[in-house]
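In the numbering used here, the protein residues as written are 1403 to 1503. See structure below.
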Amino acid sequence: KYRMLVPMVDVVFADVAQPDQARIVGLNAQYFLKTGGHFVISIKASCIDSTVAPEAVFAREVKKMSEMQMKPQEQLTLEPYERDHAVVVGTYRPPKKVKKQ
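What follows is the structure, given as structure tokens:
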């Protein structure tokens, strides 16, 4: 709906606290993020699945991101400031490395 009005961006930041937030960020990256652009996503484990350990939720969300051409580069928990929260930073469609001969 907005794609024709908004230019491609360098960074997408998301703090949406939704069960499908990895999908939401992936779609926004697909529509608005430049190839090689970066993303920052805040994950609140209890908003996604409160029945499993937060670490398992974080790992599952990182895997989902990887499946959407989003390459997570760093993951930080926000303890002791926020319980069961993590921030993941990464690159969308990172450029392929050229092999040196």
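Don't be surprised by glycine CBs; every beta carbon is placed ideally from N, CA and C.
Element boundaries [alpha helix (DSSP H), containing residue i]
i       : result
Leu1435 : First-last for Leu1435: 1435-1446, but that is the beta strand (DSSP E), not the alpha helix (DSSP H).
Met1467 : 1456-1469
Proximity test, Cβ basis, 8 Å: residue i and chain D
i       : result
Lys1498 : The structure shown contains no chain D; it is built from a single protein chain.
Candidates the options: closest to residue i by CA position
i       : options                            : result
Asp1486 : Val1500, Pro1456, Phe1415, Gln1475 : Pro1456
Lys1466 : Met1410, Tyr1404, Pro1421          : Pro1421
Arg1495 : Tyr1404, Val1413, Arg1405          : Val1413
Val1459 : Arg1405, Pro1497, Tyr1404, Val1489 : Val1489
The beta strand (DSSP E) enclosing residue i, as first and last residue numbers
i       : result
Leu1478 : 1472-1479
Ala1416 : 1411-1416
Val1500 : Element bounds for Val1500: n/a, residue is neither H nor E.
Residue i classed as buried or exposed, judged by whether at least 16 other C-beta atoms fall within 10 angstroms
i       : result
Val1500 : exposed
Val1506 : Outside the shown range of the chain (1403 to 1503) lies residue 1506, about which nothing can therefore be said.
Within 8 Å, strictly: CB atoms of residue i and residue j
i       : j       : result
Phe1441 : Met1410 : no
Val1491 : Glu1476 : yes
Ala1419 : Val1427 : no
**Asked** Is the region 1466-1479 touching the region 1446-1455, taking contact as three or more C-beta pairs under 8 Å?
**Response** Three or more Cβ pairs closer than 8 Å define a contact, and the region 1466-1479 falls short of that threshold against the region 1446-1455.
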